[in-house]
Every structure is written in C-alpha cells, then in structure tokens.
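K.L.:
First the structure, then my questions, so here it is.
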Ligand SMILES: [Zn+2]
Ligand SMILES: [Zn+2]
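Numbering (the numbering used here), first residue to last: 33 to 304.
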C-alpha cells in the first residue's frame, strides 16, 4: 500500500481532491445551509466559484515552479539522511505515521493563528476571508504567497521532525479533503454536527471563523482536528450573529471580484 501510494502520489491526490470537491458540490445542491445572495459586485455564483478555482490552479503552478518549496522533498531528504526527531527516536512506523498527522495538524493550527495576528501575514490571509459567501470553493481561495509560506513552514517542520513521506502525503490529502468539507455550504443536523465536532472541524464550526465579527474570526483556527481550539482556548461554539454574516468589513467588495484584484489585495488600501 505504502509503495503503491508513493508511486501514484499525484493521481491519488488529484482523485481524492476531485472526488471530495464533486461530493461537496452535490451535497451543497441537496442540503444548502445558506442561500447565495447575488450582488452588483458578484452577480454569479458560478463566476465566483471559478474565481476561487483559478486561484488554486495558480497556486499549484506556483508550487510546481518552486521545487525548493516542497514538504515531500524535505521529508524525503530527512528520511534518507536519517535526520529529524522521528529518526532519532525508536518509534514504530505506525507511531511515526500517527504522530506526523497529529503534529502537522498542530503546526497548521498555530500557523493559521499567526496569520491572523501578524499584520503582513493577515494582509495575505484576508484573500481567504474576504469571500462573502462560504462554500467548498472558499477552501481553494488563498493568495499564492500564503501557500508558498505555508509550504516552507511545512517543509521546515517535516525536516525537523523527520516525518515519513507516506505520513506527509496522507496528511496533505486529509487536510485538503477536510478543508473542502468544513467550508462546504451544507446543513448537518445538530446531532451529526456534535458527534463529528468532537473529533474534526465541521462546516458549522468553521463558519464561525468566517464571521464578520472580529472576535469570532479570531477563533476556530483548526482545519482538521477540532481539539486544538479547545486546548488552546480559541474555541467558539456558535456565532452570535444568526444567520452568520460572512466576510470581513475592512475590504471593499469591489476590490475582490477578479484574480488580479485578489492578487494585489494585500497592498490595496480600502477607499474611504
Ligand atoms: Zn483564517
Ligand atoms: Zn476558511
């Protein structure tokens, strides 16, 4: 299985990504939680989804063009050179695999939290938050610089821990699928949400993170496991705004309706 996954990494990633995306799009049609509200700036849902998808295509190209920004290369280097904490400790492959998922998720939690608290990084991350509708396509909407920084951080952690490549690939696939799920515009019943939320971040939990209320935006940073927000006191169970208003007030919607505008958003000043 490990060998097969390593040999078919790209096709496995793409298949899980497309499979999850299509499943979420179908569920969004069948069980929508919010209705699409067209505006003068963003009149079409399909156009907005295409905009978000374009960013993910651009980000994939950017990462391919920068071979040094690859956590997989970092992991391969560490394991072949016997470098990193996991290589120095006497751990079973199962323990290394589980710890890789657990610790990389913890690292993504803190990285996300830092992107909210550092002014430069927030200017990049607001490309994700200025979406005024929330669905699976929002999970694809990130500024390329954020994606590159995030990959460099993951690569550094992969080297320091000496994570096995199989664990790293599994984590990236899992994180991708989880982000598509927790951004999806789907209505889960309360009992299902509660059960899932005990372990993973659900759409309702992540919706709070996209609330226009600043306090709520600065909470629920998790992308996969829900425990980090509870452990590090950043958990908000539900939004006080009902229905939750999505987006951020510091950005003019006119500055967000094209790929070019989103790319330059970090340096765009809001007009008075
Ligand atoms: Zn965020
Ligand atoms: Zn989000």
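Even for Gly, the Cβ is constructed at its ideal location relative to N, Cα and C.
Mapping the DSSP letters down to three states, classify residue 133 as helix, strand or coil.
P.N.:
Sequence index remark: in the chain shown, residue 133 carries index 101 (1-based). DSSP places residue 133 in helix when its eight states are reduced to three.
K.L.:
Tell me the rounded alpha-carbon separation between residue 160 and residue 171.
P.N.:
In the chain shown, counting from the first residue as 1, residue 160 sits at position 128. In the chain shown, counting from the first residue as 1, residue 171 sits at position 139. C-alpha separation (whole angstroms): 8 angstroms.
K.L.:
Please determine if the segment 222-234 and the segment 257-273 are in contact, where contact requires at least 3 C-beta pairs separated by less than 8 angstroms.
P.N.:
yes
K.L.:
Which residues in the same chain have their Cβ closer than 8 angstroms to the Cβ of residue 271, if we skip the five residues on either side of it in sequence?
P.N.:
Start at 1 with the first residue of the chain shown, and residue 271 comes out as number 239. Excluding sequence neighbours, residue 271 sits near 239, 240, 243, 245, 248.
K.L.:
When you compare only the Cα positions, how much space is there between residue 156 and residue 168?
P.N.:
Along the chain shown, read from residue 1 onward, the residue named residue 156 stands at position 124. Along the chain shown, read from residue 1 onward, the residue named residue 168 stands at position 136. Cα to Cα, residue 156 sits roughly 20 angstroms from residue 168.
K.L.:
Starting from the C-beta of residue 137, find all residues in its chain whose C-beta is less than 6 angstroms away, skip the five residues before and the five after it, and write them out in chain order.
P.N.:
Sequence index remark: in the chain shown, residue 137 carries index 105 (1-based). Cβ within range, chain order: 256, 257.
K.L.:
Is any non-hydrogen atom of ligand 1 found closer than 7 angstroms to the C-beta of residue 215, if you look at the structure I gave you?
P.N.:
Within the chain shown, the letter at position 183 stands for residue 215. No; taking the cut-off as 7 angstroms, the Cβ of residue 215 has no heavy atom of ligand 1 nearer than that.
K.L.:
Since residue 205 and residue 48 are thought to touch, with beta carbons under 8 angstroms apart, how far apart are those beta carbons, to the nearest angstrom?
P.N.:
Taking the chain shown and counting its residues from 1, the one referred to as residue 205 is at position 173. Taking the chain shown and counting its residues from 1, the one referred to as residue 48 is at position 16. That belief holds up - the Cβ atoms of residue 205 and residue 48 are roughly 5 angstroms apart, short of 8 angstroms.
K.L.:
If we call anything under 8 angstroms between Cβ atoms a contact, is residue 235 one with residue 216?
P.N.:
Locating residue 235 in the chain shown gives position 203, where the first residue counts as 1. Locating residue 216 in the chain shown gives position 184, where the first residue counts as 1. It is a contact, given that the beta carbons lie within the stated cut-off.
K.L.:
Out of curiosity, what's the CA-to-CA distance linking residue 88 and residue 179?
P.N.:
Walking along the chain shown from the start, residue 88 turns up at place 56. Walking along the chain shown from the start, residue 179 turns up at place 147. Distance between the alpha carbons of residue 88 and residue 179 is about 10 angstroms.
K.L.:
DSSP on residue 243, reduced to helix/strand/coil?
P.N.:
Along the chain shown, read from residue 1 onward, the residue named residue 243 stands at position 211. Residue state, collapsed to three classes: strand.
K.L.:
Under a three-way DSSP split, which group does residue 280 fall into?
P.N.:
In the chain shown, residue 280 corresponds to position 248, counting from 1. Coil.
K.L.:
Going by the beta-carbon positions, is the gap between residue 164 and residue 254 smaller than 8 angstroms?
P.N.:
In the chain shown, residue 164 corresponds to position 132, counting from 1. In the chain shown, residue 254 corresponds to position 222, counting from 1. No. Outside cutoff.
K.L.:
From which residue to which residue does the alpha helix (DSSP H) around residue 116 run?
P.N.:
Taking the first residue of the chain shown as 1, we reach residue 116 at position 84. Looking at the DSSP string, residue 116 is not in any alpha helix (DSSP H), and its letter there is neither H nor E.
K.L.:
Spatial neighbours of residue 73 within its chain, please: CB distance less than 7 angstroms, with the 5 preceding and 5 following residues excluded, ordered by chain position.
P.N.:
Walking along the chain shown from the start, residue 73 turns up at place 41. Cβ within range, chain order: 285, 286, 289.
K.L.:
Got a sec: does ligand 4 put a non-hydrogen atom nearer than 7 angstroms to the Cβ of residue 52?
P.N.:
By its list of ligands, the structure shown excludes ligand 4, since it contains just ligand 1 and ligand 2.
K.L.:
If you reduce the DSSP assignment to three classes, tell me which class residue 231 lands in.
P.N.:
The residue you call residue 231 lines up with position 199 of the chain shown. Correct three-state label for residue 231: coil.
K.L.:
So what does DSSP say about residue 75, is it helix, strand or coil?
P.N.:
On the chain shown, position 43 is the one that residue 75 refers to. The three-state secondary structure of residue 75, taken from DSSP, is coil.
K.L.:
Are residue 219 and residue 63 close, meaning C-beta to C-beta below 8 angstroms?
P.N.:
As a position in the chain shown, residue 219 is number 187, starting the count at 1. As a position in the chain shown, residue 63 is number 31, starting the count at 1. Yes, Cβ-Cβ distance for residue 219 and residue 63 is below 8 angstroms.
K.L.:
Locate the alpha helix (DSSP H) running through residue 263, then write down its first and last residues.
P.N.:
One-based indexing of the chain shown puts residue 263 at position 231. Note, residue 263: alpha helix (DSSP H), 259-263.
K.L.:
Quick one: what's residue 218 bridged to in DSSP?
P.N.:
The residue you call residue 218 lines up with position 186 of the chain shown. For residue 218, which the question treats as bridged, DSSP gives the partners 64.
K.L.:
Where residue 158 and residue 114 are concerned, what is the direct C-alpha to C-alpha distance, given to the nearest angstrom?
P.N.:
Walking along the chain shown from the start, residue 158 turns up at place 126. Walking along the chain shown from the start, residue 114 turns up at place 82. Cα to Cα, the separation comes out at about 39 angstroms.
K.L.:
Quick check on residue 173: does DSSP put it in helix, strand or coil?
P.N.:
Within the chain shown, the letter at position 141 stands for residue 173. If DSSP states are grouped into helix, strand and coil, residue 173 belongs with coil.
K.L.:
Using the beta-carbon count (16 or more within 10 Å), is residue 193 buried or exposed?
P.N.:
Looking up residue 193 in the chain shown gives position 161. Residue 193 is buried by the Cβ-count criterion.
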